[in-house]
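Be aware that the sequence shown starts at 26, since it is given in this note's numbering, and climbs by one per residue.
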Amino acid sequence: MAKKSISQYVCTNCGAISPTWSGRCYQCSEWNTLTEQVEVNTSSVSTAGTALKPESVKTLVARRTHQRIASGINELDVVLGGGFVAGSVNLIAGQPGIGKSTLLLQLADKVSAKHAVLYVSGEESAHQIGLRAKRLGAGKPKLQLATSSNADDIATTIAGGQYDLVIVDSIQAVTTTSVSSATGTISQISGSAQLLSAAAKQTSTALMLVGHVTKEGEIAGPKVLEHVVDVVLQLEGERYGGLRVLRGVKNRYGSTNETGIFEMEDKGLNPVANPSAALLAERQVSDGSVVLATMEGSRPLLVEVQALVNRTSFGYPKRAASGIDLNRLNLLIAMLERRTKLSLSDQDVYVNIVGGIKISEPAADLAICMAIASASRGMKLKKDAVVYGEVGLSGEVRHVPFADKRLAEAKKLGFVGAIGPNLKNFKKPGFHPVRDIRSALNQFLEKD
Ligand code: TYD
Ligand code: MG
Numbered sequence: 026m027a028k029k030s031i032s033q034y035v036c037t038n039c040g041a042i043s044p045t046w047s048g049r050c051y052q053c054s055e056w057n058t059l060t061e062q063v064e065v066n067t068s069s070v071s072t073a074g075t076a077l078k079p080e081s082v083k084t085l086v087a088r089r090t091h092q093r094i095a096s097g098i099n100e101l102d103v104v105l106g107g108g109f110v111a112g113s114v115n116l117i118a119g120q121p122g123i124g125k126s127t128l129l130l131q132l133a134d135k136v137s138a139k140h141a142v143l144y145v146s147g148e149e150s151a152h153q154i155g156l157r158a159k160r161l162g163a164g165k166p167k168l169q170l171a172t173s174s175n176a177d178d179i180a181t182t183i184a185g186g187q188y189d190l191v192i193v194d195s196i197q198a199v200t201t202t203s204v205s206s207a208t209g210t211i212s213q214i215s216g217s218a219q220l221l222s223a224a225a226k227q228t229s230t231a232l233m234l235v236g237h238v239t240k241e242g243e244i245a246g247p248k249v250l251e252h253v254v255d256v257v258l259q260l261e262g263e264r265y266g267g268l269r270v271l272r273g274v275k276n277r278y279g280s281t282n283e284t285g286i287f288e289m290e291d292k293g294l295n296p297v298a299n300p301s302a303a304l305l306a307e308r309q310v311s312d313g314s315v316v317l318a319t320m321e322g323s324r325p326l327l328v329e330v331q332a333l334v335n336r337t338s339f340g341y342p343k344r345a346a347s348g349i350d351l352n353r354l355n356l357l358i359a360m361l362e363r364r365t366k367l368s369l370s371d372q373d374v375y376v377n378i379v380g381g382i383k384i385s386e387p388a389a390d391l392a393i394c395m396a397i398a399s400a401s402r403g404m405k406l407k408k409d410a411v412v413y414g415e416v417g418l419s420g421e422v423r424h425v426p427f428a429d430k431r432l433a434e435a436k437k438l439g440f441v442g443a444i445g446p447n448l449k450n451f452k453k454p455g456f457h458p459v460r461d462i463r464s465a466l467n468q469f470l471e472k473d
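Spelled out as structure tokens, the structure:
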């Protein structure tokens with residue numbers, strides 16, 4: 026006899042299972058979160074579906090060469106892994122005013138040299154976009170523009186299959202009638218994104234969505250938006266001046282190690298050929314200034330780390346960080362207090378990464394520590410050297426990847442030395458290995 030299916034009730038908030046329904050979850054105390062779940066009747070499984078037909082990966086490898094549309098902007102192509110894949114859904118996220126619309130209009134213009142491109146704006150009027158296009162020198166005949174905030178209309182247009190690339194600026198501004206909630210709400214954003222991506226997949230149109238980010242830097246809207254799309258790119262940097270970094274956050278067709286570096290000029294966002302040189306151009310060698318050899322994805326980058334240490338004038342010492350995580354700074358200050366002779370408990374400490382670059386790799390630790398020590402003691406770094414390495418809580422300097430690339434970049438920009446972790450068999454001219462933070466400070470800081 027077939028087993029009867031049984032239902033149980035699962036809390037959508039915490040996942041707790043209960044045999045009976047109640048208005049409030051017994052575990053997390055949320056109201057109205059229990060939903061019925063029918064347990065699968067296992068005796069009927071064998072007859073239900075049809076068997077899958079798997080293919081050998083070898084034949085797939087031979088067959089599937091994704092057709093790619095080169096964006097024409099080299100830095101962007103590198104981040105995408107060689108251009109847009111036909112039928113892919115891409116998302117570019119960034120703060121308002123960072124340059125998303127500018128970059129996409131430049132891109133649309135370049136791509137439209139060979140392909141049919143549609144730029145749909147739900148935020149700006151045709152007149153505004155016309156002015157921007159004039160400024161950027163865009164205006165090829167195959168570049169079409171439409172202003173609409175109706176996701177259903179846009180999806181129908183995409184499903185018409187006339188375009189190779191469609192840009193929707195922005196996903197927060199469009200609304201579909203199939204979802205009843207207001208524009209910009211979570212269900213609207215994901216509903217519209219799903220609708221547009223279904224149309225794009227159906228006609229093998231490459232789709233580029235623009236997404237705004239919240240103050241905390243998250244993509245506004247649900248995390249599910251990241252799951253709906255194939256590629257997520259993030260455009261970061263300071264809104265006024267400085268460099269913009271385009272980073273691949275997710276890429277179903279390539280690596281996420283690549284970054285592109287741009288500068289906003291009067292004729293749009295332009296790739297920076299030598300970002301390290303641009304970042305160090307105005308450097309003044311003084312105390313508290315250390316050059317860090319960091320990695321932006323797979324490319325090395327030299328940036329200046331600046332620290333300022335002042336006596337606290339009133340009460341609790343202040344710590345501020347720009348371009349690095351404040352928690353990391355606090356941790357390093359605590360470590361310096363304990364492992365070296367520096368006394369920072371009555372000092373305000375400020376750390377800044379020049380050029381609006383944000384650094385999250387631990388390899389910045391040693392440079393940050395040396396900059397703080399240098400500022401606190403009023404001493405400069407002895408050699409004309411770059412610094413990299415992670416610092417542990419015991420004050421030990423730890424190994425970080427890509428030492429070769431960091432040193433090669435330093436050499437290219439005329440630095441004679443490098444201070445980094447002591448690695449077996451790593452001997453290069455001008456390389457000074459250090460084991461711990463104390464010896465690094467004693468050896469390489471000097472009074473002028
Ligand atoms: P925008 O691309 O509109 O940013 P987003 O779409 O991310 O909100 O433009 C950002 C800023 O760039 C805007 O304040 C004006 C400036 N800008 C330039 O400096 N040069 C230019 O050529 C253009 C088009 C804009
Ligand atoms: Mg915009």
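Every residue gets a Cβ at the ideal spot worked out from N, C-alpha and C, and that includes glycine. These numbers come from a predicted model, not from an experiment.
- Under a 10 Å Cβ-count criterion, Leu260 is classified as buried, with 16 or more other Cβ atoms of the shown protein chains found around its own Cβ.
- Of the heavy atoms belonging to the ligand TYD, at least one sits nearer than 8 Å to the Cβ of Gln120.
- A Cβ-Cβ contact shorter than 9 Å links Ser96 with Val136.
- Going by beta carbons, Gln33 and Ser43 fall inside the 9 Å limit.
- Restricted to the region 105-170, the alpha helix (DSSP H) segments that are unbroken, complete and at least 4 residues in length are 125-136 and 151-161, listed in chain order.
- In the three-state DSSP reduction, Val441 falls in the coil class, being neither helix nor strand.
- In the DSSP annotation of this structure, the continuous segment of the beta strand (DSSP E) that includes Ala346 starts and ends at Arg344 to Ser347.
- Taking each of Ala345, Gly403 and Arg49 in turn and checking the Cα distance to Val310, the smallest one comes out for Gly403.
- In chain order, Ser174, Gln197, Ala198, Val199 and Thr200 place their CB closer than 8 Å to the CB of Thr208, counting only its own chain and leaving out the 5 sequence neighbours on each side.
- By the criterion of a C-beta distance shorter than 8 Å, Thr127 is surrounded in its chain by Arg157, Leu161, Met289, Gly293 and Leu294, once the five residues flanking it on both sides are discounted.
- Secondary structure note for Glu362: its alpha helix (DSSP H) is the uninterrupted segment Leu351 to Arg364.
- Minimum Cα-Cα distance from Leu326 among the listed residues Tyr278, Ser347 and Leu268 corresponds to Leu268.
- Residue nearest to Ala141 within the set Val416, Ala111, Gly147 and Lys408 is Ala111 (criterion: CA-CA distance).
- When rounded, the separation of the alpha-carbon atoms in Ser338 and Ser368 is 16 Å.
- In terms of CA proximity to Val253, Val114 leads the group Asn467, Val114, Gly420 and Ala465.
- When Asn335, Ala225, Arg93 and Gly439 are compared, the shortest CA-CA separation from Ala318 is found for Gly439.
- Within the same chain, and ignoring the five residues on either side of Lys437 in sequence, the residues whose Cβ sits closer than 8 Å to its Cβ are Ser301.
- As DSSP reads the structure, Tyr51 sits in no beta bridge.
- Assignment of Met404 by DSSP, reduced to helix, strand and coil, places it in the coil class.
- Bounds of the beta strand (DSSP E) holding Leu190 are Leu190 to Asp194.
- Secondary structure note for Asp255: it is in no beta strand (DSSP E), with a DSSP letter that is neither H nor E.
- Between Leu258 and Ile192, the C-beta gap is not smaller than 9 Å, which leaves the two residues out of contact.
- Counting C-beta pairs closer than 8 Å gives three or more between the region 443-450 and the region 409-423, which meets the contact rule.
- Between Glu329 and Val379, the CB-CB gap stays under 9 Å.
- The continuous beta strand (DSSP E) containing Asp373 extends over residues Gln372 to Ile378.
- The closest heavy atom of the ligand MG lies 8 Å or more from the beta carbon of Ser368.
- The beta-carbon distance between Gln331 and Ala398, rounded to whole angstroms, is 13 Å. This is too long to meet the 8 Å contact definition.
- Residue state for Cys36 is assigned as strand, using DSSP reduced to three classes.
- For Ser419, no alpha helix (DSSP H) run applies, since DSSP gives it neither H nor E.
- Closer than 8 Å to some heavy atom of the ligand TYD: that does not describe the Cβ of Lys139.
- The C-alpha of Ala180 lies about 10 Å from the C-alpha of Gly186.
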